[in-house]
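J.:
Numbering (this note's numbering), first residue to last: 503 to 1069.
1) In whole angstroms, what is the alpha-carbon distance linking residue 736 and residue 544?
2) Counting only the same chain and skipping the five closest in sequence on each side, list residues whose C-beta sits under 8 Å from that of residue 1132.
3) Label residue 1040 either buried or exposed according to how many other C-beta atoms from any shown protein chain fall within 10 Å of its C-beta, with 16 as the threshold for buried.
4) Would you check if the distance between the CB atom of residue 922 and the CB atom of residue 702 is smaller than 7 Å?
5) What's the call for residue 605, buried or exposed, on a 16-neighbour Cβ count within 10 Å?
6) If I follow the unbroken beta strand (DSSP E) through residue 872, where does it start and stop?
7) Taking Cβ positions only, does residue 600 come closer than 7 Å to chain B?
8) Name the two residues that bound the continuous alpha helix (DSSP H) containing residue 1040.
9) Can you have a look at residue 1025 and say buried or exposed, based on whether 16 or more other CB atoms are within 10 angstroms of its CB?
10) Pull up the distance between the alpha-carbon of residue 1019 and that of residue 1003, whole angstroms please.
11) Could you compute how far the alpha carbon of residue 656 sits from the alpha carbon of residue 965?
12) Give the straight-line distance between the Cα atoms of residue 758 and residue 969, rounded to the nearest whole angstrom.
13) Using only alpha-carbon positions, find the residue among 924, 1013, 710, 715 that is nearest to residue 547.
14) From the DSSP output, in three-state form, read off residue 753 for me.
15) Looking only at C-alpha atoms, which of 928, 913, 926, 1062 sits nearest to residue 934?
16) Cutting at 7 Å between CB atoms, please list the residues of its own chain near residue 610, excluding the five before and the five after it.
17) Which word fits residue 849, buried or exposed, when buried means at least 16 other C-beta atoms lie within 10 angstroms of its C-beta?
18) For the stretch 834-844 and the stretch 870-877, state whether three or more C-beta atom pairs, one from each stretch, are separated by less than 8 Å.
19) Return helix, strand or coil for residue 664, following the three-state DSSP convention.
20) According to DSSP, is residue 596 helix, strand or coil?
21) Just the Cα atoms here: how many angstroms apart are residue 938 and residue 947?
22) Using the C-alpha atoms, what's the distance from residue 823 back to residue 799?
23) To the nearest angstrom, how far is the alpha carbon of residue 919 from that of residue 665?
24) What first and last residue would you give for the beta strand (DSSP E) that runs through residue 675?
25) Would you give the residue range spanned by the alpha helix (DSSP H) that residue 601 belongs to?
26) Would you be able to state if there are at least three C-beta pairs under 8 Å between the stretch 1028-1040 and the stretch 989-996?
27) Per DSSP, which one or two residues make a beta bridge with residue 824?
28) Identify whether residue 586 lies in helix, strand or coil by the three-state DSSP scheme.
29) So, with DSSP's three-state summary, where would you put residue 713?
30) With DSSP as the reference, identify every bridge partner of residue 608, one or two as the case may be.
31) Please classify residue 716 as buried or exposed, where buried requires at least 16 neighbouring CB atoms within 10 angstroms.
32) Compute the Euclidean distance between the alpha carbons of residue 792 and residue 828, then round it to the nearest angstrom.
33) Quick one, which of 530, 1029, 795, 589 has its alpha-carbon nearest residue 552's?
34) Counting Cβ pairs closer than 8 Å, one from the stretch 684-700 and one from the stretch 767-782, do we hit at least three?
35) Can you tell me whether residue 1020 is helix, strand or coil according to DSSP?
36) Return the chain-ordered list of same chain residues with a C-beta closer than 7 Å to the C-beta of residue 916, the five sequence neighbours on each side being excluded.
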């Protein structure tokens, strides 16, 4: 049944205080609680009844409602028996989290509301309840322990004729019937679009499923997440279930089944999360050794222990690459390190790789607000579909045999969807090192990745990345010059030219840019600007006169070049 039906039942004594736009939410049960944190007893879809005994100060309302929203509660009803009216701080907290809020007349008992809801819900489900229970039983007995998400999705296909995929937050397919050859694959562009739409919808606080049409097909997107946590802690690493169907007109039984599927997949997600504990510990130990300046022999010994865990069955000593990430939320109330750690474990996988297993070869540690990934690179030729570039050591033979992550490819794979999840209050920056072939190189690789991340942080955008290939350019030093110094430097050199252009329309600034781009060649610059060489010489002379600089000198050319880049 829906919340609207409860509001329209006069005998229940409910009065709407907020959330009119959410009254079409489905109520699947009732829970009465005065616990400060009832999350362990919530499964989603409940109407929560409370006497507000948990509220001791106004700040408690925000915490309580945030927990309910994260658990997928349908609505909140507050009794008026103990308080003359519902506190304003509770009304505001519900509005922030899009949680429908009702007040319960003091003459109406919670037991009466509970009895009414249970009776209505039971009656609506009676017809198909046996089939739903049977499907749930089959899912529970053949789910994660018997083949993972693929088995669950195969049952959706056989029982309900539904095509469905489990996607990572960047849109990488983790499971789906088409992955086993049972149908056409979900195009990569569609996967990324669906992931981005899901992340954007999740950040608005709207409950799933979220419906979206693209490439002529409608998809319903169901979140797969742990309850009871702030959404920002998990939004960049949670999986989602994409079903090729419009769930808007589905019966409640089918929606219940799909929500059950997401819960089963969430169990599998949590199981794999727990399995990463050993790899995280190995990464943490290596990171601590590298940061504290341990002897290379000691680091090498730790790497020999880590290699079989990270590269099972390959039997080769890998090269290593380091990726550093930082996730920052406005307000600073969410620790960035664990968020970035979980994110890297999801996205540091070749976008062409299928399934969850490739991520089991990524070891990520975190320190403070920063996450550091230790990425093993086996010395074997890559598959043709792997979008990476040679990033090996100086030795030509090794360089040809080793491929590594490329910052541009990584950014292209994750920027669009993750930007939607970061919305307008979050930012992700990534730095990628070159590959190293020994323990001696790890400390330099770590510093290289950290410096690259700082370069990325100086760029505009919600998701930015930089790699070791870019660090050879002096232009990358510019973001670290203080703003006031940059403004003074560019003003001193360029303002006289801008003022002259404004008064005389002389186009000295475009002439300067073209002259530098042509490496000071009079002929090539005049051809580009469609000018006679004498006219070009006149303009360059005017530039030198106004600025007191000599464009035949390398130092003055470099100063002009930097000023134009910083302006």
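Glycine residues also receive a C-beta, built at the ideal position from the N, C-alpha and C atoms.
Keep in mind that this is a model prediction, so the values were computed, not measured.
T.: On the basis of the coordinates in this document:
1) Here residue 736 refers to the residue found at position 234 of the chain shown. Here residue 544 refers to the residue found at position 42 of the chain shown. Looking at the two C-alpha atoms, the distance is approximately 18 Å.
2) Since the first residue shown for the chain is 503 and the last is 1069, residue 1132 is missing from the structure and cannot be characterised.
3) Indexing the chain shown from 1 puts residue 1040 at position 538. Exposed, because fewer than 16 other Cβ atoms sit within 10 Å of the Cβ of residue 1040.
4) As a first step, residue 922 is located in the chain shown; it is residue number 420 there, counting from the start. As a first step, residue 702 is located in the chain shown; it is residue number 200 there, counting from the start. Yes, the pair counts as a contact, with Cβ atoms nearer than the cut-off.
5) Sequence index remark: in the chain shown, residue 605 carries index 103 (1-based). Looking at its Cβ environment, which holds 16 or more other Cβ atoms inside 10 Å, residue 605 is buried.
6) What you label residue 872 is simply residue 370 of the chain shown in a count that begins at 1. Element bounds for residue 872: 872-879.
7) No chain B is present in this structure, which holds just one protein chain.
8) Here residue 1040 corresponds to residue number 538 of the chain shown, with the count starting at 1. Per DSSP, residue 1040 belongs to the alpha helix (DSSP H) from 1035-1049.
9) Sequence index remark: in the chain shown, residue 1025 carries index 523 (1-based). With fewer than 16 other Cβ atoms from the protein chains shown falling within 10 Å of its own Cβ, residue 1025 counts as exposed.
10) Indexing the chain shown from 1 puts residue 1019 at position 517. Indexing the chain shown from 1 puts residue 1003 at position 501. Just so you know, the alpha carbons of residue 1019 and residue 1003 end up roughly 20 Å apart.
11) Working through the chain shown from its first residue, we reach residue 656 at position 154. Working through the chain shown from its first residue, we reach residue 965 at position 463. Those two C-alpha atoms are separated by around 35 Å.
12) As a first step, residue 758 is located in the chain shown; it is residue number 256 there, counting from the start. As a first step, residue 969 is located in the chain shown; it is residue number 467 there, counting from the start. Straight-line Cα distance between these residues: approximately 46 Å.
13) Counting from 1 along the chain shown, the entry for residue 547 is found at position 45. That would be 710, whose Cα lies nearest to the Cα of residue 547.
14) Taking the first residue of the chain shown as 1, we reach residue 753 at position 251. Coil at residue 753, not helix or strand.
15) In the chain shown, counting from the first residue as 1, residue 934 sits at position 432. Nearest of 928, 913, 926, 1062 to residue 934, Cα basis: 913.
16) Position 108 of the chain shown, counted from the first residue, corresponds to residue 610. Within the same chain, residue 610 has close Cβ partners 514, 515.
17) As a working note, residue 849 is residue 347 in the chain shown. Classification for residue 849: buried.
18) yes
19) For the purposes of this step, residue 664 is taken as residue 162 along the chain shown, with counting starting at 1. Residue state, collapsed to three classes: coil.
20) For this step, residue 596 is matched to residue 94 along the chain shown. Residue 596 falls in the helix class under three-state DSSP.
21) Along the chain shown, one-based indexing puts residue 938 at 436. Along the chain shown, one-based indexing puts residue 947 at 445. Those two C-alpha atoms are separated by around 7 Å.
22) Counting from one through the chain shown, the residue named residue 799 turns up at place 297. Counting from one through the chain shown, the residue named residue 823 turns up at place 321. Spanning the two alpha carbons is a distance of roughly 18 Å.
23) As a working note, residue 919 is residue 417 in the chain shown. As a working note, residue 665 is residue 163 in the chain shown. Using only the alpha carbons, I get a separation of about 22 Å.
24) Reading the chain shown from its first residue, position 173 is the one you call residue 675. Its beta strand (DSSP E) spans residues 675-678.
25) Counting from one through the chain shown, the residue named residue 601 turns up at place 99. Looking at the DSSP string, residue 601 is not in any alpha helix (DSSP H), and its letter there is neither H nor E.
26) A contact is defined here as three or more CB-CB pairs under 8 Å, and the stretch 989-996 fails this definition with respect to the stretch 1028-1040.
27) Within the chain shown, the letter at position 322 stands for residue 824. DSSP lists 876 as partners of residue 824.
28) As a working mapping, residue 586 is identified with position 84 in the chain shown. Coil at residue 586, not helix or strand.
29) For this step, residue 713 is matched to residue 211 along the chain shown. In the structure shown, residue 713 sits in a strand (DSSP, three-state: E or B).
30) Reading the chain shown from its first residue, position 106 is the one you call residue 608. Per DSSP, none; premise fails for residue 608.
31) Stepping through the chain shown from its first residue, residue 716 is reached at position 214. It is exposed - the Cβ of residue 716 has fewer than 16 other Cβ atoms within 10 Å.
32) Reading the chain shown from its first residue, position 290 is the one you call residue 792. Reading the chain shown from its first residue, position 326 is the one you call residue 828. Spanning the two alpha carbons is a distance of roughly 19 Å.
33) Working through the chain shown from its first residue, we reach residue 552 at position 50. The shortest C-alpha separation from residue 552 is found at 589.
34) Counting C-beta pairs with one atom in each stretch, the stretch 684-700 and the stretch 767-782 have fewer than three that are closer than 8 Å, which means they do not touch.
35) For this step, residue 1020 is matched to residue 518 along the chain shown. Three-state DSSP puts residue 1020 in coil, outside helix and strand.
36) What you label residue 916 is simply residue 414 of the chain shown in a count that begins at 1. So the list reads 672, 849, 965, once near-sequence residues are dropped.
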